[in-house]
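Those protein sequences? They're chains R, E and V, same order as listed.
Numbering-wise, our numbering puts 1 at position 1 of the first sequence, and it's gapless, one number per residue.
Each number in our numbering comes from the position in the second sequence (counting from 1) with 1000 added on.
Each number in our numbering comes from the position in the third sequence (counting from 1) with 2000 added on.
We treat Cβ as the ideally placed atom computed from N, Cα and C, and that holds for glycine.
Quick notes on the structure that follows.
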Amino acid sequence: MTRKPPVVLLTDFGHKDQYVGVIKGVIHSIAPQAPVIDLCHEVPPQDIRSGAYLLGVSYRFFPKGTIFLSVVDPGVGTDRRIVIAQLGDWYFVNPDNGLLTLVLEREKLKQVIEVANAKYWLSPVSATFHGRDIMSPVAAHLYRDPHPRKFGKPINVGANGRSPLRLLATKPATKGEKTIEGEVFYIDHFGNLITNIPSQMIPRSRQCRVGIAYKKLHRIVRSYGDASPGEWVAVVASADLLEIAVNQGSAQKELQAKVGDPVRVEWE
Amino acid sequence: MTRKPPVVLLTDFGHKDQYVGVIKGVIHSIAPQAPVIDLCHEVPPQDIRSGAYLLGVSYRFFPKGTIFLSVVDPGVGTDRRIVIAQLGDWYFVNPDNGLLTLVLEREKLKQVIEVANAKYWLSPVSATFHGRDIMSPVAAHLYRDPHPRKFGKPINVGANGRSPLRLLATKPATKGEKTIEGEVFYIDHFGNLITNIPSQMIPRSRQCRVGIAYKKLHRIVRSYGDASPGEWVAVVASADLLEIAVNQGSAQKELQAKVGDPVRVEWE
Amino acid sequence: MTRKPPVVLLTDFGHKDQYVGVIKGVIHSIAPQAPVIDLCHEVPPQDIRSGAYLLGVSYRFFPKGTIFLSVVDPGVGTDRRIVIAQLGDWYFVNPDNGLLTLVLEREKLKQVIEVANAKYWLSPVSATFHGRDIMSPVAAHLYRDPHPRKFGKPINVGANGRSPLRLLATKPATKGEKTIEGEVFYIDHFGNLITNIPSQMIPRSRQCRVGIAYKKLHRIVRSYGDASPGEWVAVVASADLLEIAVNQGSAQKELQAKVGDPVRVEWE
């Protein structure tokens, strides 16, 4: 009677079409007992970097044993691999294209399997929708019997540094003697600018200034509510990353900020 | 084997980010048996009034005992209270900022608890995402054991008129001898203009005219289908409120209407 | 302990309002054990053709016995019928307005019931939201006891060609000696142009050219990945229909294409 951990979905399919629903139909057909939870389906089309961010800041809020099925797959139909990775206490099924970049920074990699055993796929396999025909049935069969080895052969992890792939484009923030240099990593629905600067990099004992574009913020506050409505704040927010926001407004709109814009923290 | 009532989510998180998914991860970690239903996540950012509307016209279609978790929280990180309210046969977990305004008009308030017992929260609690760190775990623990008292102390309801807070901005429609004065309260996805004029305020035995902006409608019809495509109608619609619509079109677009626009009903 | 097939929802309600959530509340009140899966809620308002497409390319990925509840209902409040149709191994509850057009082309029609028995509806029934008051409770009761006959009388199928209604507007692609003439049938979230030309109509042994607007594509490839980023492709994609796409881009945006645009396949 104990309910097993869920299958969690992350895709760039959006909500306009049938794609997410069909994936759930495939999973339900194979593993009708599996609770299925939507993490996000509005990853910008083929934007692996945003997908990696959303996965990296979310996975630890799900129970151990959760299976994350992530389909952001610009390489569908090419020879890019599909993998099952066991990282910390969680399972991940996705194309091996960098989606695991942030999770790899945070969790111990236990094993990676290259998905190859067609016995667990739909038949025939379309050339354009491996999310439906390969990855969903693999995630559903993995839910029923969590033994990745039956889906393919282990990849020799780290031996050649090839798999699982990390995104090269994301460079971590760098810390100098009196500065941190980082960048805007993700912009959320509220227009908050989330940087790649982790909270533990910021010296707590110092009064820090934060700069972005022509804005300079003279302190890092605890919460949006420590500012008046319309006021700018730099805050260490829920993902444990430095964030730049306008209380009850949109920092993105006011600054016309975009992903990759440089952000600097300074102290005396 | 009987399945308990669901936990129902209402937020302004949108679908672009991981926020809704993460909340479901937290709930599933604590109460894996809880059915979770999305009421709406597209409340305009920090728009308590729209949140109050959506909650007020929806709750009675869910089973008795349902727990509504509503996170529209512009005051996160300030000293605004978080409450559990028992109203009629339903439970509500939300910031005490007016979200319950319409439910309070319709149901008997049985008790209000100020959430204070950190034992039931995630740890550490972030300063910017109490939806994830306080309200979701409280809703999940309430699902497992529906005794609000263990989460904090009762608030002395009504004694000082302070809690639970009602929105002051929403003024009810007023009825004169031959008129009702109201306003547009909410505009839906189809562009229908939903007013704050309840059906029972409208005299059924009279031929009523309805006016908005430069439009005057000469009768209230039973259904959109009583008009030709493209024709304007005033109709008492599914929320038991007077609604102004264009059959198979968008009244909002044609009138450039917005929330707060005055609406008048007249009869001889 | 065996879990029954799901109830699957397709509507034009969007995500902005409470409508989808309320429908789930009604279903959960009647059939709390029913797994409910969202197929899509972003059908353009009252666009029966898109609804028919989404249903037609999706149903077969769900388990036998699945109940599809489809609410795209421009005729609500008129005398259009509501039906339960059994097609192949699936059940469909929807207004009889053409939503089943594609499923009727693919599956054997076993029976059609005109929904009439008010015992299974909410009371009172609003004149504007039969999705909530009639169709949802019917789908939920059908889940509990899958005998369509108790909801109303059978319609004499095919005798007069009237019910269930097929959309007249959708004309199938036509094949000549050295050409196929078709059209754009649906445009998805990625901007891919999905035509009404089925894969089996295309001669596999020939080198085919595909034309749309001022574009001429000189071969049909197996997958998006067979082209360079930014390159145009014609591909037989996941719905077994010819599709025109830009690898890692949007064909819709580049061509300003719209539903109904003519598409031609030629060979020597």
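Q) How big is the Cα-Cα spacing for Lys2068/V and Thr2078/V? A) One detail in the question is off: residue 2068/V reads as Phe in this sequence, not Lys. Taking the straight line from one Cα to the other gives about 22 Å.
Q. Taking only beta-carbon atoms, is Leu54/R less than 8 Å away from chain E?
A. yes
(Q) My output table needs one value for Thr174/R: the three-state DSSP class, helix, strand or coil. (A) strand
(Q) Taking the alpha helix (DSSP H) that Ala1181/E belongs to, which residues open and close that run? (A) Note on residue identity: the sequence assigns Glu, not Ala, to residue 1181/E. From DSSP, Glu1181/E is part of no alpha helix (DSSP H) but of the beta strand (DSSP E) over 1179-1187.
**Q.** Presumed contact (8 Å Cβ cut-off) between Leu1099/E and Ser1058/E, rounded CB distance
**A.** That belief does not hold up - the Cβ atoms of Leu1099/E and Ser1058/E are roughly 12 Å apart, past 8 Å.
(Q) Tell me the rounded alpha-carbon separation between Asp2047/V and Ala2239/V. (A) 20 Å
Q: Starting from the Cα of Gly14/R, find the closest Cα among Asp2038/V, Val2265/V, Val2221/V and give me that residue.
A: Asp2038/V
Q: Starting from the Cα of Arg275/R, find the closest Cα among Val72/R, Arg106/R, Pro146/R and give me that residue.
A: The structure shown does not extend to residue 275/R, since chain R is modelled only from 1 to 268, so the question has no answer here.
(Q) So with CB distances below 9 Å, who are the chain R contacts of His1949/V? (A) Past the edges of chain V, shown from 2001 to 2268, lies residue 1949/V, and the structure says nothing about it.
Q) Mind checking whether Val1072/E and Asp1012/E have CB atoms under 8 Å apart? A) Result yes, Cβ atoms of Val1072/E and Asp1012/E sit closer than 8 Å.
Q.
Against Leu2039/V, what residues of chain R qualify as contacts under a CB-to-CB distance less than 9 Å, listed in chain order?
A. Result: Gln18, Val20, Gly21, Val22, Lys24, Gly25.
Q. Chain E partners of Pro2137/V, CB-CB under 7 Å?
A. Those do not exist, as Pro2137/V stays about 11 Å from chain E at its closest Cβ, beyond 7 Å.
Q.
Cβ closer than 8 Å: which chain R residues qualify as neighbours of Phe1013/E?
A. His189
Q | For Trp1232/E: DSSP bridge partner residues | A | BP columns for Trp1232/E point to Val1246/E.
Q. Which whole-angstrom value is the C-beta distance of Pro2032/V and His28/R, which I expect to be below 8 Å?
A. Wrong, their Cβ atoms sit about 17 Å apart, outside the cutoff.
Q. Which value, in whole angstroms, describes the spacing of the CA atoms of Tyr1224/E and Gly2152/V?
A. 25 Å
Q: Could you check what DSSP says for Pro1124/E in three-state terms: helix, strand or coil?
A: In the three-state reduction of the DSSP assignment, Pro1124/E falls in the coil class, being assigned neither a helical nor a strand state.
Q: Would you tell me roughly how many angstroms separate the C-alpha atoms of Glu42/R and Tyr19/R, rounded to the nearest one?
A: 12 Å
(Q) For chain E, check one thing: does any of its Cβ atoms lie closer than 8 Å to the Cβ of Tyr224/R? (A) yes
Q: Determine the extent of the alpha helix (DSSP H) in which Asp213/R is found, giving its start and end residues.
A: Looking at the sequence provided, one finds Ala at residue 213/R rather than Asp. First-last for Ala213/R: undefined, no H or E at that position.
Q: For the alpha helix (DSSP H) holding Ala2085/V, just list the boundary residues, first then last.
A: Counting along the chain, Ala2085/V falls outside any alpha helix (DSSP H), though it belongs to the beta strand (DSSP E) covering 2082-2087.
(Q) Which residues in chain E have a C-beta closer than 8 Å to the C-beta of Arg2132/V? List them in chain order. (A) What Arg2132/V touches in chain E: Phe1061, Ser1238.
Q: On the DSSP bridge assignment, give the partners of Tyr2091/V in chain order.
A: Ile2067/V, Gln2086/V
Q) Shorter than 8 Å from the beta carbon of Val57/R to some beta carbon of chain E? A) yes
Q) Which bits of chain V does Val1235/E rub up against, with CB to CB less than 7 Å? A) Thr2128
Q. Looking at C-alpha atoms only, which residue of Val138/R, Glu266/R, Ala85/R is the closest neighbour of Lys108/R?
A. Ala85/R
Q) What residues are listed by DSSP as bridge partners for Thr1011/E? A) Thr1011/E is bridged to Val1071/E.
Q: For Asp2096/V, collect the residues of the same chain with a Cβ closer than 6 Å to its Cβ; drop the 5 residues on either side in sequence, then sort them by chain order.
A: Only residues of its own chain outside the window of five on either side were considered, and among them Arg2081, Val2083, Ser2163, Pro2164, Leu2165 have a CB closer than 6 Å to the CB of Asp2096/V, listed in chain order.
(Q) Using only the alpha-carbon positions, how far apart do Lys1110/E and Met1135/E sit? (A) 20 Å
Q.
Against chain R, with Cβ distances strictly below 8 Å, would Glu2105/V count as a contact?
A. no
**Q.** Cβ neighbour criterion (16 or more within 10 Å) applied to Asp145/R
**A.** exposed
Q: Mind the definition here: the region 1245-1264 of chain E touches the region 1179-1187 of chain E only if three or more C-beta pairs lie below 8 Å; say whether that holds.
A: Segments in contact, yes.
**Q.** Where the beta strand (DSSP E) containing Ile2194/V begins and where it ends
**A.** From DSSP, the beta strand (DSSP E) with Ile2194/V extends over 2193-2198.
Q: Output the distance between the C-alpha atoms of Arg112/R and Tyr91/R, rounded to the nearest integer angstrom.
A: Note that residue 112/R is Val in the sequence shown, not Arg. Whole-angstrom Cα-Cα distance: 10 Å.
Q: Could you tell me which residues DSSP pairs with Pro154/R in its beta bridges?
A: Ile113/R
Q | Nearest-angstrom beta carbon gap, Val115/R and Val138/R [assumed within contact, 8 Å] | A | 6 Å
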